[in-house]
Amino acid sequence: MPRLVMKFGGTSVANPDRIRRAAKRVGVEVAKGYEVIVIVSAMSGKTNELVGWVEDVSPLYDAREYDAIVSSGENVTAGLMALTLQQMDVPARSWQGWQVPVKTTDAHGSARIEEIPTANLDAKFNEGMKVAVVAGFQGISHEGRTTTLGRGGSDTTAVAFAAAFGAERCDIYTDVDGVYTTDPRIEDKARKLDRIAFEEMLELASLGAKVLQTRSVELAMRYGVKLRVLSSFEEMDDNAGTLVCAEEDIVESNVVSGVAFVRDEAKMTLISVADRPGIAAAIFGPLSEAGVNVDMIVQNISEEGRTDMTFSCPVNEVPRAEKAMADAKAAGSINYHDLVADTDVAKVSVVGIGMRSHAGVAAKMFSALQAEGVNIKVITTSEIKISVLIDRKYMELAVQALHDAFDLDKVA
Numbered sequence: 001m002p003r004l005v006m007k008f009g010g011t012s013v014a015n016p017d018r019i020r021r022a023a024k025r026v027g028v029e030v031a032k033g034y035e036v037i038v039i040v041s042a043m044s045g046k047t048n049e050l051v052g053w054v055e056d057v058s059p060l061y062d063a064r065e066y067d068a069i070v071s072s073g074e075n076v077t078a079g080l081m082a083l084t085l086q087q088m089d090v091p092a093r094s095w096q097g098w099q100v101p102v103k104t105t106d107a108h109g110s111a112r113i114e115e116i117p118t119a120n121l122d123a124k125f126n127e128g129m130k131v132a133v134v135a136g137f138q139g140i141s142h143e144g145r146t147t148t149l150g151r152g153g154s155d156t157t158a159v160a161f162a163a164a165f166g167a168e169r170c171d172i173y174t175d176v177d178g179v180y181t182t183d184p185r186i187e188d189k190a191r192k193l194d195r196i197a198f199e200e201m202l203e204l205a206s207l208g209a210k211v212l213q214t215r216s217v218e219l220a221m222r223y224g225v226k227l228r229v230l231s232s233f234e235e236m237d238d239n240a241g242t243l244v245c246a247e248e249d250i251v252e253s254n255v256v257s258g259v260a261f262v263r264d265e266a267k268m269t270l271i272s273v274a275d276r277p278g279i280a281a282a283i284f285g286p287l288s289e290a291g292v293n294v295d296m297i298v299q300n301i302s303e304e305g306r307t308d309m310t311f312s313c314p315v316n317e318v319p320r321a322e323k324a325m326a327d328a329k330a331a332g333s334i335n336y337h338d339l340v341a342d343t344d345v346a347k348v349s350v351v352g353i354g355m356r357s358h359a360g361v362a363a364k365m366f367s368a369l370q371a372e373g374v375n376i377k378v379i380t381t382s383e384i385k386i387s388v389l390i391d392r393k394y395m396e397l398a399v400q401a402l403h404d405a406f407d408l409d410k411v412a
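Sequential numbering from 1 applies to the sequence shown in full-length UniProt numbering.
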């Protein structure tokens, strides 16, 4: 029988009524002849509550116990979903990560999936089970301890199961009805996309779009899993939502597919660093070890053997970055005159596979920002994206201006 993976986020299973609504959607797919693997998140707000309890009891907590606690929310949802389906006369049972088993690395709090053996679920499907309800976000380490995959990890669980079981498609049910050209709360002309390429979705996810976890898109692209993002609050429709698929499955698209943004970004500049071989490693090695998520990097022209090095990172990681640089300077591995942090910037990006074959995208982007009086502090580019750092107060204006400049409210 064909298989389908359906993932329901926290808002979609926030209470028993919503679980019943989600279960009805599963029942419809079972009636179509699918064997269904349902991946569930914890009820909306539950994981935050559990994390709060952990931090209240033990600020310097044991990561293994943290995983044991915060993963429990998914267990509750999985059991309730299975019971609801059974009430509908749909043969279903719940599965925790260790029962499947979802084998992961030992990195508690941010484990990565290594293998999902199919034998246990296959055996139950062969015995007549129609729905396997799997607790998302969790797995089992080499030591036999419960692990978690990081926030948003249920998306990754869903894609990994779709790949392991050869599912026809992986449907991600959430509180939005698809992927938009930008955040509709900022630009009311934002348009829902019918299809978007894996590469575009990966860039948008990494650049601030909150619809899908970045790792889930990476997995889908690697294994060719078709993803569909759709709302659990709208009427069922086979053409609903946004399909995330291979580039060749998209007939025509705009040059730019979307505008993404990150509001809480910081720009940090090391002033007057020695310009010598290995200086970049001496700077970014300690930042990596300190867990600082560095994004944009720009090195200025060298003058008299000295240069300035600028990078961006999340605002909440600035103290760690400052300490890492101060420690590296004290240890003698780097020498700089000053470290200047600008914590009032935002990152705005345009993304589109059409940029590969069209010239002038950067010029149009910069002209649109100039027309609105928006000054650009840092620029980085890749084959299908252009990102800029700007003053945070201009972020919404910049997003709206770029959305208009590239006619994203219109279909190609």
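A virtual CB, placed ideally from N, CA and C, is assigned to each residue, including glycine.
Contacting residues, own chain, Cβ-Cβ under 6 Å from residue 159 (five flanking each side not counted): 170, 216, 219, 220 and 225
Simplified DSSP state of residue 72, which is helix, strand or coil: helix
Residue 271 to residue 341 span [Cα, whole Å]: 11 Å
Burial state of residue 381 (16 or more Cβ within 10 Å): exposed
The beta strand (DSSP E) enclosing residue 139, as first and last residue numbers: 138-140
Straight-line gap, residue 262 to residue 119 (C-alpha atoms, nearest Å): 42 Å
Residue burial classification, residue 53 (beta-carbon count within 10 angstroms, cutoff 16): exposed
Sub-8 Å separation of residue 344 and residue 392 beta-carbons: yes
CA-to-CA distance, residue 21 to residue 366, given in whole angstroms: 46 Å
Residues that residue 266 bridges to, as DSSP identifies them: 313
At least three beta-carbon pairs within less than 8 Å, the segment 98-110 to the segment 134-154: yes
Residues of its chain near residue 193, where Cβ-Cβ distance is below 6 Å and the 5 sequence neighbours each way are ignored: 179 and 242
Residue 287 versus residue 293 - alpha carbon distance: 8 Å
Assigned secondary structure, residue 415 (DSSP; H/G/I helix, E/B strand, else coil): This structure gives no information on residue 415, because the portion of the chain shown stretches from 1 to 412.
Exposed unless 16 or more other CB atoms sit within 10 angstroms - verdict on residue 338: exposed
Whole-angstrom distance between residue 236 and residue 25, CA atom to CA atom: 8 Å
Collapsed DSSP secondary structure at residue 165 in the structure displayed: coil
Those residues which DSSP pairs with residue 357 across a bridge: Answer by DSSP bridge pairing: none, since residue 357 is not bridged.
Minimum length 3: unbroken beta strand (DSSP E) runs contained in the segment 10-65: 35-40
Classification of residue 326 by the beta-carbon crowding that lies within 10 angstroms, buried from 16 upward: exposed
Whole alpha helix (DSSP H) elements within the segment 212-294, 4-residue minimum: 214-223 and 279-289
C-beta atoms of residue 369 and residue 378 nearer than 8 Å: no
Residue 68 and residue 95 closer than 8 Å at C-beta: no
Counted within 10 angstroms of its Cβ, other Cβ atoms place residue 309 as buried (16 or more) or exposed: buried
Through-space distance from residue 51 to residue 208, alpha-carbon basis: 23 Å
Buried versus exposed, by CB contacts within 10 Å (16 or more), residue 60: exposed
Residue 206 versus residue 138 - alpha carbon distance: 22 Å
Coil, strand or helix - residue 4 by DSSP: strand
Where residue 209 falls: helix, strand or coil (DSSP): coil
Pairwise C-alpha distance: residue 318 and residue 273: 19 Å
Inter-residue spacing [alpha-carbon to alpha-carbon] between residue 104 and residue 167: 21 Å
Separation of residue 12 from residue 86, as counted between CA atoms: 19 Å
Residue 114 versus residue 37: straight-line alpha-carbon distance, rounded: 19 Å
Backbone CA spacing between residue 329 and residue 260 [nearest angstrom]: 35 Å
Residues near residue 356 by beta carbon distance below 8 Å, same chain, minus five either side: 383 and 384
Min CB distance residue 69 to chain D below 8 Å: Protein chain content of the structure displayed is limited to a single chain, and chain D is not contained in it.
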